[in-house]
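Trainee: What follows is a single structure, and I will ask about it in a moment.
Listed below in structure tokens is the structure:
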């Protein structure tokens, strides 16, 4: 027997009600039964997105909705602005490039957040920029961007503001309408406590103005077709029915909890995790923009970061994430997103302490767990 | 209580083992546990596709894989040949159009199959055609195309042969390699007895020759990226993990059954359905190319086809499909695809008899059920 504990920033663990809802006999998607479910989830997503605009459900990974945002807003030869301070921020420019769209790129050091003034400068220098593509929580570095500040800048520009909130939505605050976000993109397997396979996106009136004037190189990800279907509470193509049913269950749980309580819980888990890491003498990757959805920690000198993650997983059943691309082996990431509670974080820290000890790292055993306990006690 | 019976051509009913497999705790996709599952399903798909080539798993509806085939084989300004004799055949040209690819279209009367000679003529007239796009089983009309004959023609041409086997694969014979099919596309919610959300495609060496020389307008559906990932038994983007796990279960069942037995079962169910319809005095839409995956039946004069389907579903819990587009209200479709057995077909015919009687259609009550029973008895 090997009991497993999942602390990765997507997929995140699923509540049992959500898991079991997938095992119900399948129903056809063009029936009143499904239409009712679909209507409920589309309305429920608006609450999570904090928007009055339509929320679309696509059957794809989150990247599919990112592509939908890019190709519906811009065409070959157009220019867009992208911000990249990690693997997922880089994806915006990669998608643009695949379609012959010019991407002006703001490079940010991995572990740092973009300075909104950089965006302001670029937008002023080139008023023809069709859209600005940013990331709420950069999963690869555990950094949160100040979307509210960027929103104030974008409001005065022609460009639409697009936010990749794949990691983050339903975990940390994302006021789509209040912050002036035109397209907010998300995925199912993070804060929404679902398996991967669904992507979501909200689209503002300003975004539609640009989309309507653009000849999108898109079929499966064509938002005009999606809108035509959504107006009848339908999807343009066969949706992932079981995942939509699971979404209904997850939204029910989130509605009961309330967004504020959800954000407070994530904050508490994040503070406990960060405090614990410091108590173990470990250094966080991000000092002043650390995300409350996932914590990125530098691997201490002399320790093999990949072996650390592998041992925790293969030996003790605790799956955390390693570093990606240029951070491979240099950081590890503990997620506190979705269906995760205090004792799950304690379990993760405890296992980390065990393996770090075995690998020869020197610290006071139990110091991380105790530091987290103290944070949790203060929250009572 | 209303017990439900699903006889639609996608989604099709799911075996309980497949349903329940989705309810297992989620695992991370970049782990040895998932890699093992993914390896198994990629190998298992080759058996179903009857191919030695790589089989790709995409997280999307079947349309996503259709788009992947089009945009990876051809670019703006290129010419492709498409065959359309129904709603899904039309999709090939629609996708091409969205990307500025010229589609030469062979129009076939709905309910008929294309004459392979038409394709031969077109290919000879224009040797620059990049690919021919056809449909194994046109779900909207219940017609099967002679892919084997088309394959012989395509073998001698530059063009790649692409087959939409979304409805059909795992239900009727589809010899991808032996028939010379370069890209075979399928979906999860038909013969493979899964929920919708996954698309599959095999890609031949000849197809790769064209793909490698093409600058695809694609990111999420870029096959070169998919190939790079597949070589490490990985996916380019987060896959729909629970559906991949369900696929493993479905393939296990199919392996146990054996392809030949599966095809024989579908054939038996189709013959019984067609015989029953004739016994009720009903006319089949397709006379000489009727599919063994789904049967399309003309609604008899004086009967409201939409009301018939609606009453069977809302009053008696039996969901069959109506007609689409130009066939709306004019036909109904009974699927005998996937996890469907003799008694499910009997249930569907019985309910049809009941509602037809209530709607005033004159026939000998029980004649359809008896005709099907006779076919089933002969099979023993």
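Protein chains in written order, with this note's numbering: chain X, 108 to 487; chain V, 108 to 487.
Beta carbons are placed, not taken as given, at the ideal position from N, Cα and C, and that holds for glycine.
(1) Use the C-beta contact count for residue 108(V): other C-beta atoms within 10 angstroms, 16 or more gives buried, fewer gives exposed.
(2) In terms of residue numbering, what span does the beta strand (DSSP E) encompassing residue 387(V) cover?
(3) Please look up how many angstroms separate the CB atoms of residue 378(V) and residue 482(V), rounded, as I've assumed it's under 8 angstroms.
(4) Hey, out of 164(X), 157(X), 115(X) and 326(X), whose CA is closest to residue 353(X)'s CA?
(5) Measuring only between beta-carbons, confirm whether residue 420(V) sits less than 8 angstroms from chain X.
(6) Residue 465(X) touches chain V at which residues, Cβ-Cβ below 9 angstroms?
(7) Within 10 Å of its beta-carbon, does residue 248(V) have 16 or more other beta-carbons around it, so buried, or fewer, so exposed?
(8) Residues of chain X with CB closer than 7 angstroms to the CB of residue 346(V), please, in chain order.
(9) By the three-class DSSP mapping on this structure, what secondary structure does residue 361(V) have?
(10) Taking buried to mean at least 16 other C-beta atoms within 10 Å of its own C-beta, is residue 488(V) buried or exposed?
(11) Let me check one thing: in DSSP terms, what residues is residue 112(V) bridge-paired to?
(12) For residue 204(V) and residue 462(X), what's the separation of their Cα atoms in angstroms?
(13) Residue range of the beta strand (DSSP E) that residue 276(V) falls in?
(14) Return the CA-CA distance between residue 370(X) and residue 447(X), expressed in angstroms with no decimal places.
(15) Compute the Euclidean distance between the alpha carbons of residue 337(X) and residue 330(X), then round it to the nearest angstrom.
(16) Under the rule that 16 or more other beta-carbon atoms within 10 Å means buried, what is residue 200(X), buried or exposed?
(17) Would DSSP call residue 481(X) helix, strand or coil?
(18) I need the straight-line Cα distance from residue 450(X) to residue 155(V), nearest angstrom please.
(19) Would DSSP call residue 286(X) helix, strand or coil?
(20) Report the residues of the segment 193-210 of chain X with a CB closer than 8 angstroms to any CB of chain C, ordered along the chain.
(21) Roughly how many angstroms lie between the CA atoms of residue 285(X) and residue 256(X), to the nearest whole one?
(22) Does the distance from the CB of residue 333(V) to the CB of residue 206(V) come in under 8 angstroms?
(23) At a Cβ threshold of 8 angstroms, is residue 174(V) touching chain X?
(24) Tell me where the alpha helix (DSSP H) around residue 141(V) begins and ends.
(25) My guess is that residue 401(V) and residue 389(V) are in contact by the Cβ rule of under 8 angstroms, so how many angstroms apart are they, rounded?
(26) Against chain X, with Cβ distances strictly below 8 angstroms, would residue 122(V) count as a contact?
(27) Considering only DSSP beta bridges, list what residue 402(V) is partnered with.
(28) Look up residue 258(X) in the DSSP assignment and say whether it is helix, strand or coil.
(29) Taking the runs of the beta strand (DSSP E) that are 3 residues or longer, which of them lie wholly in the segment 198-270 of chain X?
(30) Could you have a look at residue 129(V) and say whether DSSP puts it in helix, strand or coil?
(31) Quick one: is residue 362(V) buried, meaning 16 or more other Cβ sit within 10 Å of its Cβ, or exposed?
(32) If contact means a Cβ-Cβ distance below 7 angstroms, which residues of the segment 406-431 of chain X contact chain V?
(33) Using DSSP bridges, identify the partner residues of residue 163(V).
(34) Thinking C-beta only, is residue 274(X) closer than 8 angstroms to residue 116(X)?
(35) On the DSSP letters alone, give me the boundaries of the alpha helix (DSSP H) that residue 177(X) sits inside.
(36) Look at the alpha carbon of residue 297(X) and the alpha carbon of residue 119(X), and state the distance between them as a whole number of angstroms.
Mentor: Looking at the atomic coordinates:
(1) For the purposes of this step, residue 108(V) is taken as residue 1 along the second chain, with counting starting at 1. That one is exposed.
(2) Numbered from 1 along the second chain, position 280 holds the residue referred to as residue 387(V). Segment: none, residue 387(V) is in no beta strand (DSSP E) and carries neither H nor E.
(3) Working through the second chain from its first residue, we reach residue 378(V) at position 271. Working through the second chain from its first residue, we reach residue 482(V) at position 375. Residue 378(V) to residue 482(V), Cβ: 5 angstroms. Contact.
(4) Working through the first chain from its first residue, we reach residue 353(X) at position 246. It is 164(X) whose Cα lies nearest to the Cα of residue 353(X).
(5) The residue you call residue 420(V) lines up with position 313 of the second chain. Yes, because at least one Cβ of chain X sits closer than 8 angstroms to the Cβ of residue 420(V).
(6) What you label residue 465(X) is simply residue 358 of the first chain in a count that begins at 1. None at all; the shortest Cβ gap to chain V is about 20 angstroms.
(7) Residue 248(V) sits at position 141 when you count from the first residue of the second chain. Buried: at least 16 other Cβ atoms inside 10 Å.
(8) On the second chain, position 239 is the one that residue 346(V) refers to. Those are 303, listed as they occur along chain X.
(9) In the second chain, counting from the first residue as 1, residue 361(V) sits at position 254. Helix at residue 361(V).
(10) It is not possible to answer for residue 488(V), since the shown part of chain V is limited to 108 through 487.
(11) Here residue 112(V) is taken as the residue at index 5 of the second chain, counted from 1. The partner list for residue 112(V) (beta bridge, DSSP) reads 425(V).
(12) Translated into the one-based positions of the second chain, residue 204(V) becomes position 97. Translated into the one-based positions of the first chain, residue 462(X) becomes position 355. Computed Cα separation, rounded: 56 angstroms.
(13) Mapped onto the second chain, residue 276(V) falls at position 169. No beta strand (DSSP E) contains residue 276(V), which DSSP labels as neither H nor E.
(14) In the first chain, counting from the first residue as 1, residue 370(X) sits at position 263. In the first chain, counting from the first residue as 1, residue 447(X) sits at position 340. Rounded to the nearest angstrom, the two C-alpha atoms are 12 angstroms apart.
(15) Stepping through the first chain from its first residue, residue 337(X) is reached at position 230. Stepping through the first chain from its first residue, residue 330(X) is reached at position 223. If I take the Cα positions, the gap works out to 10 angstroms.
(16) Numbered from 1 along the first chain, position 93 holds the residue referred to as residue 200(X). Under this definition residue 200(X) is a buried residue.
(17) Walking along the first chain from the start, residue 481(X) turns up at place 374. Helix.
(18) By one-based count along the first chain, residue 450(X) stands at place 343. By one-based count along the second chain, residue 155(V) stands at place 48. Cα to Cα, residue 450(X) sits roughly 45 angstroms from residue 155(V).
(19) Indexing the first chain from 1 puts residue 286(X) at position 179. It is coil, neither helix nor strand.
(20) Checking the listed chains, one finds no chain C in this structure; the protein chains it contains are X and V.
(21) Residue numbering aside, residue 285(X) sits at position 178 when the first chain is read from its first letter. Residue numbering aside, residue 256(X) sits at position 149 when the first chain is read from its first letter. Whole-angstrom Cα-Cα distance: 11 angstroms.
(22) Reading the second chain from its first residue, position 226 is the one you call residue 333(V). Reading the second chain from its first residue, position 99 is the one you call residue 206(V). It is not a contact, given that the beta carbons lie outside the stated cut-off.
(23) By one-based count along the second chain, residue 174(V) stands at place 67. Closer than 8 angstroms to some Cβ of chain X, the Cβ of residue 174(V) qualifies, so yes.
(24) Taking the first residue of the second chain as 1, we reach residue 141(V) at position 34. Here the alpha helix (DSSP H) through residue 141(V) covers 139-156.
(25) As a first step, residue 401(V) is located in the second chain; it is residue number 294 there, counting from the start. As a first step, residue 389(V) is located in the second chain; it is residue number 282 there, counting from the start. With 8 angstroms as the limit, residue 401(V) and residue 389(V) do not qualify as a contact, their Cβ atoms being about 15 angstroms apart.
(26) What you label residue 122(V) is simply residue 15 of the second chain in a count that begins at 1. Chain X, which has no Cβ nearer than 8 angstroms to the Cβ of residue 122(V), makes this no.
(27) Along the second chain, one-based indexing puts residue 402(V) at 295. For residue 402(V), which the question treats as bridged, DSSP gives the partners 441(V).
(28) Here residue 258(X) corresponds to residue number 151 of the first chain, with the count starting at 1. Residue 258(X) falls in the helix class under three-state DSSP.
(29) 209-214 and 238-242
(30) To locate residue 129(V), count along the second chain from 1; it is residue 22. Coil.
(31) Start at 1 with the first residue of the second chain, and residue 362(V) comes out as number 255. So residue 362(V) ends up on the exposed side.
(32) 420 and 426
(33) Walking along the second chain from the start, residue 163(V) turns up at place 56. According to DSSP, which records beta bridges pairwise, residue 163(V) is partnered with 308(V).
(34) Against the first chain, residue 116(X) aligns to sequence position 9. Against the first chain, residue 274(X) aligns to sequence position 167. Cβ atoms of residue 116(X) and residue 274(X): closer than 8 angstroms.
(35) Position 70 of the first chain, counted from the first residue, corresponds to residue 177(X). Unbroken alpha helix (DSSP H) run through residue 177(X): 169-180.
(36) Your numbering for residue 297(X) matches position 190 in the first chain. Your numbering for residue 119(X) matches position 12 in the first chain. If you take the alpha carbons of residue 297(X) and residue 119(X), they lie about 6 angstroms apart.
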